[in-house]
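Colleague:
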Amino acid sequence: MEHSKTLLLVGGTSDIGRATALHYAQAGWQVQLAARNEEDARRNADDIRSRTGAEVTVHRIDILETGAFESFVDTLSTLPDTVVCVVGELGDQARGQSDISHASLVLRTNFEGPALLLGLLAERFLARGSGTLVGVSSVAGDRGRGSNYLYGAAKAGFTAFLSGLRNRLAPKGLRVVTVKPGFVRTQMTAGMKLPPVLTAEPCEVGRAIFTAAEKSGRDVIYVRPIWRPVMMVIGTIPERFFKRLRL
Amino acid sequence: MTELSGWGRYPRHPSETLTPPSPKALSSLMASRTGLVARGNGRAYGDAAIGERVTLVARGLDRIRAFDPATGRIQVEAGVLLSDLLDTMVPKGFFPPVVPGTKLVTIGGMIASDIHGKNHHRDGGFGDHVESLTLALPDGSIIICSRDENSELLLATIGGMGLTGTILDATFRLRPIETGWMRQTTTVARNLDGAIHALQATSRATYSVAWIDCLARGASMGRSLVFAAEHATHRDLEALQPGGEPYPSSKLGRLGVPLDLPSFTLNRLSVSAFNELYFRAGAVKSGYPFLVHWNPYFFPLDGIGNWNRIYGRRGFLQYQCVIPTAQAQAVLGGILERISKHGNASFLAVLKQLGQSHGDLSFPLEGFTLTLDLPVSDDVFPLLDELDRMVVEAGGRLYLAKDARQSPATFEAGYPGLPRFRDLRRAIGATGRISSRLSARLGI
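Keeping their order, the protein sequence lines are chains A and B. For the first sequence, position 198 (counting from the first letter as 1) is numbered 198 according to the UniProt record's numbering, and the numbering increases by one without interruption. For the second sequence, position 329 (counting from the first letter as 1) is numbered 329 according to the UniProt record's numbering, and the numbering increases by one without interruption.
1) Quick one: what does DSSP say phenylalanine 264/B is sitting in, helix, strand or coil?
2) Just how far apart, CA to CA, sit threonine 369/B and tyrosine 319/B?
3) From the beta carbon of alanine 66/B, is the nearest beta carbon of chain A less than 8 Å away?
4) Select from Leu61/B, Leu86/B, Thr17/B, Val130/B the residue whose C-alpha is nearest the C-alpha of leucine 168/B.
5) What separation, rounded to the nearest whole angstrom, lies between the Cα atoms of methionine 1/B and leucine 126/A?
6) With H, G and I counted as helix, E and B as strand and the rest as coil, what does DSSP make of glutamine 327/B?
7) How would you call valine 31/A, buried or exposed, if buried means at least 16 neighbouring beta carbons within 10 angstroms?
8) Got a sec, what are the start and stop residues for the alpha helix (DSSP H) tryptophan 227/A sits in?
9) Going by beta carbon distance, what residues of the same chain come within less than 6 Å of threonine 233/B, once the five residues before and after it are set aside?
10) Going by DSSP in three states, leucine 203/A sits in which element: helix, strand or coil?
11) Helix, strand or coil: which one does DSSP assign to lysine 118/B?
12) Grab me the residues of lysine 118/B's own chain with a C-beta within less than 7 Å of its C-beta, minus the 5 sequence neighbours each way, in chain order.
13) Taking Cβ-Cβ distances below 9 Å as the criterion, which residues of the segment 22-42 of chain A are in contact with chain B?
14) Determine the direct distance from the alpha carbon of threonine 6/A to that of alanine 68/A, and round the result to whole angstroms.
15) I'd like the list of long-range same chain contacts for glutamine 187/A, defined as Cβ closer than 8 Å, with 5 residues on each side in sequence excluded.
16) Does threonine 207/A come within less than 8 Å of chain B when only Cβ atoms are used?
17) If the cut is a Cβ gap below 7 Å, which residues of chain A does proline 21/B touch?
18) Considering tryptophan 294/B, what are the terminal residues of the beta strand (DSSP E) in which it resides?
19) Tell me whether threonine 78/A is buried or exposed, calling it buried when 16 or more other Cβ atoms sit within 10 Å of its Cβ.
20) Look at the alpha carbon of valine 205/A and the alpha carbon of valine 197/A, and state the distance between them as a whole number of angstroms.
21) Go through its chain and collect everything with a Cβ distance to proline 14/B's Cβ below 8 Å, but skip five positions before and after it.
22) Could you compute how far the alpha carbon of serine 83/B sits from the alpha carbon of glycine 42/B?
23) Using CA atoms only, rank isn't needed, just tell me which of Ser407/B, Leu424/B, Ala239/B, Phe363/B is closest to glycine 396/B.
24) Is the segment 16-23 of chain B close to the segment 408-423 of chain B, with three or more CB pairs under 8 Å?
25) Is the beta carbon of leucine 438/B less than 8 Å from the beta carbon of leucine 400/B?
26) Once DSSP output is grouped into helix, strand and coil, what is the label at phenylalanine 26/A?
27) Quick check on DSSP: helix, strand or coil for phenylalanine 347/B?
28) Using 8 Å for Cβ pairs, my map puts lysine 402/B next to glycine 46/B. What's the rounded Cβ distance?
29) Establish whether the CB of arginine 254/B and some CB of chain A are separated by less than 8 Å.
30) When you compare only the Cα positions, how much space is there between glycine 235/A and phenylalanine 241/A?
31) Buried or exposed, going by whether 16 or more other CB atoms sit within 10 Å of the CB of methionine 232/A?
32) Of the residues Val184/A, Gly131/A, Phe111/A, Leu133/A, which one's Cα is nearest the Cα of tyrosine 151/A?
33) Can you pull out the residues from the segment 45-64 of chain A whose beta carbon lies closer than 7 Å to at least one beta carbon of chain B?
34) Threonine 88/B touches chain A at which residues, Cβ-Cβ below 8 Å?
35) Measuring CB atoms only, is the segment 321-328 of chain B touching the segment 70-86 of chain B, in the sense that at least three cross pairs come out at less than 8 Å?
36) What does the alpha-carbon distance come out to for the pair arginine 173/B and threonine 71/B?
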């Protein structure tokens, strides 16, 4: 039998991370689950192992401790075939407007940390000559809105980073996939009123990520296709009208 | 504050509702709040899973923690849905030791209600299969209860309606199966006497249950279809459906649905016509075994989403009693007769044989259990009070997971383990701290 492939899932305690890792494990992959809270990551690792029989390991990472990224990658027993980074922090826009440290947390968690980590792994993948990098960005990064532009700006930066990385790595045969989930029913959105048609379940996101990264070869995906026209319309509204909308 | 109700949509009470994401978060809420009870998927019919002040929804505790395919031993968090466990484990050749009539329940709820299945006469309740569980006590501390360790607390927690603490996880063994099919045999019983005898005659079958046509009267009162079944082996599959898929998907299995309830308005005429058809369709199949998917055999109503709404806005009551074997025929006959005289009668009833149980407040005892649905109306309450008196007199009792209205006196008469249960609650500091609308109503 072919040697089974390895997924590194960064953000292994989130609902999307759990669902994505489970999907890979069901397809026969080994899973490295990386998260800040090891106890919660272990719950998910146990769950995935029990359900699939896959080998699942837990690794500690804090996305804000960028100085520890190199040793984090060095201590992985296997350099993964695919890395999926689902780390994200919606934060509190209103608070971030007056609290610089909170604003910094949102920007660094959604942009700096994920970009630097994927950038580091990209170099390792290049050296090996293979690998797929998947970044979970957001539709919020497609256009800044008054209600969440800190989060949106960080995600816009991450989207641009992924696009640039893809542009650089494509000739070398390495893949970079940008995922824009839209609304997802998770702990992050618990209690929000979300339109059902636009809202995906975490398992849908997991399936969509696996399909894009390992099967279809698509570069940028919206989990629910309806988001593509929705964001296109939002993108084409002239700024002089857009700025007056309450979004 | 949210308005909460059970599956019967009666009664409704306001409660603060919290959904902790982990066992740790749940146990720390236990320490900081009072007047609380845990809730799983809200399938208890009455007021069992509504906290007096706070309701802790355990659905965030949905991880499987360990599984050993060599022994079938599994450890799951309390909020794991039975449907999730089935979807995950049946294709691997494993089945839970006991399942209730719906798969939309949590494992924690199954233990707290000590649920019984169609195999209670042989295999006991779900609680009998629990090897150990982790319990968060009223002060938030966490202890392990097993047959050797804190066994008193284990037996109080099994069937204890969440009133001894909150179950965080449990360990039990799944049984190996060879296929996802059931080999079913249907027998027609002409009346209640025939149904009881048929259930006794099929008591060597792993699973058996009788569906009673409540609209049949006079000499055919209690007319039933008795469904006995085994997990089909490879040989059964070869014999009855050569080349068949051993683990068919649930969709495929839907083709073999043995029962479909009408979604149109229930009235005597329509129900009577439906029962006639249903009974005849079942009777045609009687006498020889056939294969049916596990899903419709065990969970016929789960295919119809929100079937609890067909009884209208006021909700409905599910009346489930158990009567000791010696008196079963006479008392259940009396109950059916009163029900059928009542204008707004239940149209289908379920009859099952039960064995002993071991939790302090577990429902089953050696005898027969009858289950009826009745829409809430002003005149249904006096009728059920009358039935309660018959049940108590016969030494029977009512199932707490279904109950929304019995009196404290009826409850106390039926549950001799109650004083011990109360003492234990006092000893662990649960009295007053852990309380549901059910425990307040019944003075537990």
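For each residue, glycine too, the CB sits at the ideal point set by N, CA and C. All of these numbers come straight from a predicted model, not from anything done at the bench.
Modeller: Based on what the coordinates show:
1) Reliability fails at phenylalanine 264/B, whose pLDDT of 40 lies under 50, so the model's placement of it is uncertain and the value that follows must be treated cautiously. DSSP places phenylalanine 264/B in coil when its eight states are reduced to three.
2) 10 Å
3) yes
4) Leu61/B
5) 55 Å
6) helix
7) buried
8) 227-236
9) Glu178
10) In the sequence under discussion, the amino acid at residue 203/A is cysteine, which differs from the leucine named in the question. Looking at cysteine 203/A - three-state DSSP - the assignment turns out to be helix.
11) coil
12) Tyr207, Ser208, Val209, Lys352
13) Glu39, Asp40
14) 22 Å
15) Ser14, Asp15
16) Note on residue identity: the sequence assigns arginine, not threonine, to residue 207/A. No, its Cβ sits nowhere closer than 8 Å to a Cβ of chain B.
17) Gln187
18) Element bounds for tryptophan 294/B: not the beta strand (DSSP E) but the alpha helix (DSSP H), 294-298.
19) exposed
20) 14 Å
21) Met1, Thr2, Glu3, Leu4
22) 14 Å
23) Phe363/B
24) no
25) yes
26) What sits at residue 26/A in the sequence shown is glutamine, not phenylalanine. Helix.
27) coil
28) 7 Å
29) Any reading at arginine 254/B needs caution, since the residue's pLDDT is 40, under 50, leaving its predicted position unreliable; the model's value is listed next. Not an interface residue.
30) 12 Å
31) exposed
32) Phe111/A
33) Asp46, Asp47, Ser50, Arg51
34) Arg51
35) no
36) 7 Å
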